[in-house]
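Numbering (the working numbering), first residue to last: 69 to 1039. Idealized CB from N, CA, C, for every residue including glycine. Notes follow once the structure below has been shown.
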Amino acid sequence: MVKRVDQDELKRLVSELGISEFTARLLINRGIKDPERAIRFLNPSEEDLHDPFLLKDMDRAVQILLRAREQNEAILVYGDYDVDGITGAAVLKEFLEKHGWKVMHYIPKRIDEGYGLQPQVLESFRNEGAKILVTVDCGVTAIDAVHIAKNMGYDVVISDHHETAEVLPLADAVLDPKRKDDEYPFKDLAGVGVAFKLISAIASRLSLDEEEVFRYLDLVALGTVADMVKLIGENRFIVKEGLERMRKTDRPGLAMLLSRLQITEPDSRDIGFRVAPKINAAGRLDAAHDAFDLLTTRDYALASQLIDVLFEYNATRQEIESQIFETAVEQIERGNLHKYPIIVVRGRDWHVGVIGIVAARLCHRYNKPVIVISEGAEGARASARSVSGVNLIDVLQPFLEYFEEFGGHPLAVGFSLESQSVDRFIEALKSYDIPLDDQSSVLEVDAILRLEDINEDLINELQRLEPFGHGNPEPLFLCEGVKIEAAKLFGQNQSNVRLVMSFNGKRFEATGFGVGHLFEASLYEPSGMDVVFTIRGKVPTLYIVDAEVNERKLSSGHVTLQEPELRHRLNQLEQILTEPLAGNLFVFDLRMRNAFFYWLFTASKRKCAVVSLNNILSTQLYHTLLRYFDHSIDYLNSLNCEVKNNHALMTLSYFMANLDMVLRRYDLFIINELALFGELQEEKEVLSFFDVVSKLPSRFSAVSVKKPDWLYDLAMALNLSVAYERLCRPTYGLLESAGQIEDVLNETSCFLFSDNKNLAKFYREFSNTNHNVVVYSHSMKPNQRLSALNVIRRKKAKLLLSSTNTDGIPNLLGEEAQISISDSPLTLFELLDAVSFDGTFQILNLSFTQDDVVKRKLEIEELFPDTDSIERIVREMGPTVQIREFLNLLVERGYARNGSYARIMLRVLEELGARQFDGGLDLSGVDTRRNSLRLSEGKLEKLYFERFVERFLVQRAKGIYKALSNPKVVI
């Protein structure tokens, strides 16, 4: 339903302000009807800031701090572990230190210590000389802790913004706009906002220039947006000015974090959805001090290291969160818990650092308040999130008897309770008649738009209303009768959708989170569709909020995933992958790399090509993806140059030999295993390739499983930014049993083969001795592979015979399965593919011999002949020869092991000038100085095998273990 607007109010704003009806409508929909108020809203300025001394106790707080400076008394700034508390502590510490105070600081540990003041910490700092305690974003309910601090001899200044209890702590000063006796005009400051008012008041008393205070607005804006306070009133100026300053911040850590995330023009959504989660991840994993150091350091090298650490924290947090979320959804669906007004889920030892995020995701999914409880040996801790119209502070007041600690905001609270109270609390909550607003109310939109209305002028008008956030939501628009050109479901339970939609020739890509049910299973094909969406970015991207469709089937190319392991990885990837992908380096473990390429070939609408160093690496990836695809991807190399599809795997030599064509054909190129290219950058072809990449970074991204120390420097030289890092160490053991397959047959769960011919031979020889054998091979048809997988999952197979490069199918065999590597691999990625990255311990038994390695090397040499052998062949065969005779002679004289290899030799000779005629072959024009794609590939195949495969294989277990386990060792 479109919000109704009083036409007289609309005309008044348009007339008096000279704005468009579009902007006037959006202002009125936000309750801004008075022209004077509208002017202030559209033009936030420092005049919106209230006098900080209007905050009760501000005089007293400033007096205490000024006295401390005069008497050289040490200040302890005690923050909190979320972004609000970290930025607030940073602002206060930096300001005080800059202007003559002696300052210590402390950020508590979420898991070990929990929220608020910890007496043992206060005692430790008191012993070090701290005399004044100043809290940031905490303390207003810490009655007992403040009493203890006073007894220790502290003067206590509390700066907080949380809801207060009936009784305040007996501190020397309590700064909190939500104090019941406080008459400060604006009640929605964040914790960092209160800290900002405190330094403003001190600066006023010291007659400092306002820039001495405003210089910290980048951090104040960061904490304000992250804490989801209302972006109205003075918060509007704080955030708008802070975002401007953030664009040119001189803080190395913040600047590098924005650069890593490829954010050049940060807005409130970037901060809320991309920057803040990275910083919060440290606090969630008990290392908030790393985030504090990142924001305050002036050391670029340290900042770079800390960003790497934060990304590792975030990757870990995402994985833990995803696992808990999936368990919680299963618990809700199995127990039909969504029938209750408030959903409560519980788990043993769920990570308390992420249960708040899980609660928020569940709240969004079910559109109801959600409580997530983690039960541990020392009691239970819970996080709750709510929907608009349901104040959790009010709703949970009748249950305070169950809680040991309780605090938060109307939409987000946390509490703890004793283990024996959990069951009674949940039952009491179920039976309580909670006064909830009608959640089934009609969705109201701000305006009806046509797709052709979305232009630069409209985007500029929307930007005048920014920053968007709580209290100033993004405008919602309705577009009626759009055509859906393509749709793809993705995410947890296929709950999200990516669309291409058009109307009157205007096309837009759109993404919808949580609306996948409108497109699931039956997959509609409407002649028209009504969509509700928001618009983001200067280059507009549409985000679908709701939709109504006609009930006819939509051909979207959707593929239902039957693979839970892959689905779990895709859920994690979807939190970090956004278009465009270009200009980025992604450092993944092998499992996540495989999921990335699956996502690339199924979810991306762009024409993509993956460039690998050689056929060995290209084939390794191609075979891995065959587990999931029932359609073909182009494989382009010296023997296959036919382009059929929009996605391709190709060798480096093919890319360079067909440079103009591939640049025209494909939109995006992914470099497969950048570390390997870096190890071989002295090679002429690699150097030429790097020259292309560095000149066209908007067309390239890179992936690397291995991360040598110099990898990020190489990425920088290629104009690629490090977008994500997730490295998980594999868990496995190695045994030696070279050449003794019969001896390990009874203990082995799986025999792996790099060469399918060896697999087939083994099956013929041993299948009669074991009737419960399952075979999985790349050469099987898709339905045969799926059938084999089902048997493996049900643990019905006593013995598995499998190709290598299956994205971890041997892992399905379970803990301590013994996996025999039965012939020599072409790459150690084949072994890495076989081991577990989820903590399951399995044993790799090295059953191949040194002779197997030699045979593998000879096979490569036959597949990729060198110029010496070609020159000998031309001399021996004469200037002309019949083609059939020529092929037979190649096999007879040992130049080729069979007819297929002989035809490869014929192909190379033709590249070098040989000519076929009437069943004959003219070799007189062969010139080995000519360019040959096959010879170029061969050089990189042989070099790779010698330097990165053979040297580890001949060292056996010792060398192989080092190569697989150490992320810095390139393979």
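Per DSSP, reduced to three states, the secondary structure at residue 450 is strand. Beta-bridge partners assigned by DSSP to residue 950: 988. Apart from the 5 residues on each side of it in sequence, residue 110 sits with its Cβ closer than 6 Å to the Cβ of 532 in its chain, given in chain order.
Between the segment 470–486 and the segment 394–405, the count of Cβ pairs shorter than 8 Å is below three; the stretches do not touch.
Residues of the same chain with a CB within less than 6 Å of the CB of residue 675, apart from the 5 flanking positions on each side, are 714, 734, 735 in chain order. Check the Cα spacing between residue 268 and each of 404, 120, 142, 339: the tightest is with 120. Comparing C-alpha distances from residue 922 to each of 1014, 329, 576, 272 shows the shortest one belongs to 1014. Between residue 321 and the set 361, 184, 608, the nearest pair of CA atoms involves 361. DSSP places residue 576 inside the beta strand (DSSP E), whose first and last residues are 574–580. In this model, residue 405 and residue 920 are separated by some 58 Å (Cα to Cα).
At a Cβ-Cβ threshold of 8 Å, residue 334 and residue 314 count as neighbours. With a 10 Å radius around the Cβ and a threshold of 16 neighbouring Cβ atoms, residue 778 comes out exposed. In this structure, 720 is the residue among 890, 576, 720, 787 with its C-alpha nearest to the C-alpha of residue 756. Under the DSSP assignment, residue 193 falls in the alpha helix (DSSP H) whose first and last residues are 187–195.
Residue pairing by DSSP places residue 557 opposite 565 in a beta bridge.
Per DSSP, residue 379 is one residue of the alpha helix (DSSP H) stretching across 368–403. Minimum Cα-Cα distance from residue 514 among the listed residues 481, 600, 445 corresponds to 600.
Excluding its 5 nearest sequence neighbours in each direction, residue 487 has C-beta neighbours in its own chain below 7 Å: 443, 447, 448, listed in chain order.
Spatial neighbours of residue 168 in its own chain (CB-CB distance under 6 Å, excluding positions within 5 residues in sequence) are listed in chain order as 137. Sequence-distant partners of residue 285 (beyond 5 residues in either direction) whose C-beta falls short of 7 Å from its own C-beta, in its chain, are 306, 309, 310, 313. The straight-line gap separating the alpha-carbon atoms of residue 666 and residue 696 is approximately 8 Å. A straight-line Cα-Cα distance of about 6 Å links residue 483 and residue 471. Straight-line measurement puts the Cα of residue 752 at about 13 Å from the Cα of residue 725. Between residue 535 and residue 602, the C-beta gap is not smaller than 8 Å, which leaves the two residues out of contact. Across the set 952, 1006, 855, 897, the C-alpha of 1006 shows the shortest separation from the C-alpha of residue 928.
Rounded to the nearest angstrom, the gap between the Cα atoms of residue 238 and residue 172 is 23 Å. Counting the other Cβ atoms within 10 Å of the Cβ of residue 105 gives fewer than 16, which makes it exposed. Residues of the same chain with a CB within less than 7 Å of the CB of residue 773, apart from the 5 flanking positions on each side, are 656, 657, 658, 661, 741 in chain order. Separation of the CB atoms of residue 441 and residue 450 is rounded to 4 Å, and the pair is thereby assigned contact status at 8 Å. Within the model, the alpha-carbon separation for residue 996 versus residue 980 is close to 6 Å. Annotation: the continuous alpha helix (DSSP H) that includes residue 75 extends over 75–85. Assignment of residue 945 by DSSP, reduced to helix, strand and coil, places it in the helix class.
Short of 7 Å from the beta carbon of residue 129, and not among the five residues preceding or following it, lie these beta carbons of its own chain, in chain order: 225, 241, 243, 266.
In this model, residue 786 and residue 745 are separated by some 12 Å (Cα to Cα). Under the three-state reduction of DSSP output, residue 408 falls in the coil class, being neither helix nor strand. Scanning its chain for C-beta atoms nearer than 8 Å, with the 5 sequence neighbours on each side dropped, one finds around residue 550 the residues 519, 569, 570, 571, 596, 597, 598, 599, in chain order.
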